[in-house]
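Trainee: Residue numbers (the working numbering): 9 to 701.
C-beta: ideal position from N, C-alpha, C; glycine also.
Structural data, given as structure tokens:
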């Protein structure tokens, strides 16, 4: 087996290095969420962390890693004698796959043995394996809701509780939670986001020499992993020893009242929700002081801790990107009686802004992430000053390709009419629920009915394979018919494998909501685009809350374009919507045909995720020829595929042609006006897609 990539050999990523080290020093900090673009060694560094963690003492043979000095009294493998001799092993790094089942995460009871043999046989899950180690979730933002709920419970209580048909198992589950994610693929639920103690933004270096060094080291590792690991063994051993020393110092670190008040002042100034931010910042400050061998927290420790603990707690809605204004932070850190600094004089020079040379790059002169610090995790000088996290450049919330570069197939101003600048969207509001008819089998969510692993029980079926969701009543009924033939004489029920029945459960699924938005000149001429964008933004917010994927097709001029391929990131959808200009004719048919093609491709990629088509238009098809006929034929083509649809009628004014309602009829779906989208709209107009199924 090849040696793991050494922690000390990873170039750059000083913020991430520091955040991981602080959690190794003090697991009470609460874990790390790593956000950033793909290919930035996020996973490599997290996996390398396991080699730096101190070994743990465990009870021999205990599957739940009980500490021999203080064994868990409720351990399923216990009880253990308090004075039992323990053994040591390396700390574990347990990886949770995004597609894991609930039983794989929390563990499961062997239902067959419990019923047929009367044995309470429990198979531990990943939470048990991660106890006193690291639980790593790659692409944590794609984790299913039922797994997120289990993680939240375990992280909050430090225990995992498994219930199966009246049989209960509880065991300790305290672990360092580390998650990595690419923001382009969607954001985290606020509840889980807040459970991560620290957050770090990472991006690849733009400095050629540093990038070359990354490639050089990776090639050397692939050529001979063991020799490469041996080359860095000394640095890794020194780092592990320093973590041990910091752990010994940790209990002696004092947090003065002045610094505690400074922490509270900072958190109040940034208006973070709850008290978890204050606690995490305090724990991180203490860990920083211990890491630098000091026994008292300083203002520099508090500043460095705030830069790691607060950015992800500043979000107020799904469209806000995490971040922290460092000028605001410095103002909040200043003592109330400390005089404000004198404003710096404006520089003189001939630059375009009236100043001299531009300020130095935020990454430092060498372009590395971490404000020019060295690659090592202890880039502090001998003075013992706290390591302030560098402000690594993160990928913009709109993601690559959302700048002013033209989108492939996008319309131009020459398509008829003059292009107008993008207008801001109106404030979003809560919309009514629009769902897909029938019962699906897609990914768990909150929009349409579906058969899911969790939810209310609606029936039973013959068990196939391992039984995890036993339907007790149905099993008893199936077995009761054969008791006489099986020679039952006592009170016990004689069961066979064929008697077992599984529960069929119904919950909610997430769908693909594909928006087809009219951006033609008629929308801008009537000054409706602000309201239209506000409506689409509201539907995007609803899609985020219901765990949907979203896509965006726009049409204007002579063309239609898929400006946002289906994604889980509503942030990107909001950014593309905000930059959407208007102008030109109204090729409704082209927009619907482009949507048809996008749905066909997505159906091949994710066949179980059912789509919901939302067309936002006034229905006035223009563009020469038989534009209206083309739009009707395209609508009927979509209807023939069985896609559920909704038309949002943007027509206004005293004279209305009702073309959007005709389009909705061709699509086989309902039509609503902009005013009827809101959840608190007209009470007599309660419609959804199911009502016309």
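(1) Would you call the CB atoms of residue 448 and residue 517 closer than 8 Å?
(2) Would you report the Cα separation of residue 12 and residue 652, rounded to the nearest angstrom?
(3) In three-state DSSP terms, what is residue 176?
(4) Terminal residues of the continuous alpha helix (DSSP H) containing residue 337?
(5) On the DSSP letters alone, give me the boundaries of the beta strand (DSSP E) that residue 106 sits inside.
(6) Would the region 250 to 257 count as touching the region 55 to 62 if we require 3 or more Cβ pairs under 8 Å?
(7) Should residue 555 be labelled buried (16 or more other beta-carbon atoms within 10 Å of its own) or exposed?
(8) Does residue 381 pass the burial test, meaning 16 or more other C-beta atoms within 10 Å, or should it be called exposed?
(9) By how many angstroms is the C-alpha of residue 312 removed from the C-alpha of residue 290?
(10) From residue 24 to residue 456, what distance separates their C-alpha atoms?
(11) Which class does residue 552 belong to by DSSP, given the choice of helix, strand or coil?
(12) Going by C-alpha distance, which of 461, 526, 453 is nearest residue 150?
(13) Let me check understanding here. Comparing Cα to Cα, which of 164, 96, 195 lies closest to residue 575?
(14) So what does DSSP say about residue 519, is it helix, strand or coil?
(15) Compare the beta carbon distance of residue 278 and residue 39 with 8 Å and say whether it is the shorter of the two.
(16) Report the rounded CA-to-CA distance for residue 193 versus residue 344, giving the unit in angstroms.
(17) Using only CA atoms, which one of 41, 497, 674 lies nearest to residue 317?
(18) Residue 229 bridges to which residues according to DSSP?
(19) For the alpha helix (DSSP H) that residue 209 lies in, which residues bound it at each end?
(20) Nearest-angstrom Cα distance between residue 257 and residue 190?
(21) What separation, rounded to the nearest whole angstrom, lies between the Cα atoms of residue 294 and residue 604?
(22) Do residue 542 and residue 458 come within 8 Å of each other at the CB atom, strictly closer than that value?
(23) From 621, 664, 144, 658, pick the residue whose C-alpha is nearest to that of residue 643; which is it?
(24) With a 10 Å radius around its C-beta and 16 neighbouring C-beta atoms as the bar for buried, classify residue 336 as buried or exposed.
(25) In chain order, what residues of the same chain lie with their CB nearer than 6 Å to the CB of residue 538, ignoring the 5 residues before and after it?
(26) By DSSP's criteria, residue 619 is part of a beta bridge. Which residues make up the other side?
(27) How big is the Cα-Cα spacing for residue 31 and residue 584?
(28) Does the beta-carbon of residue 113 have 16 or more other beta-carbons within 10 angstroms, so that it is buried, or is it exposed?
(29) Go through its chain and collect everything with a Cβ distance to residue 384's Cβ below 6 Å, but skip five positions before and after it.
(30) Cα-Cα, which of 152, 142, 101 is closest to residue 450?
(31) I want to know whether the region 608 to 615 touches the region 587 to 599 - three or more CB-CB distances under 8 Å.
Mentor: Working from what's here:
(1) yes
(2) 49 Å
(3) strand
(4) 334 to 341
(5) Counting along the chain, residue 106 falls outside any beta strand (DSSP E), and DSSP gives it neither H nor E.
(6) yes
(7) buried
(8) Note that residue 381 scores a pLDDT of 40, beneath 50, so its modelled location is shaky and nothing firm can be said.
(9) 11 Å
(10) 39 Å
(11) helix
(12) 453
(13) 195
(14) coil
(15) no
(16) 42 Å
(17) 41
(18) Residue 229 is not bridged to any residue.
(19) No alpha helix (DSSP H) contains residue 209, which is instead part of the beta strand (DSSP E) from 206 to 210.
(20) 36 Å
(21) 57 Å
(22) no
(23) 621
(24) exposed
(25) 431, 434
(26) 520
(27) 37 Å
(28) buried
(29) Residue placement at residue 384 cannot be trusted, given a pLDDT of 45 that sits under 50; what the coordinates show is reported in the next sentence. Around residue 384: no qualifying Cβ.
(30) 152
(31) no
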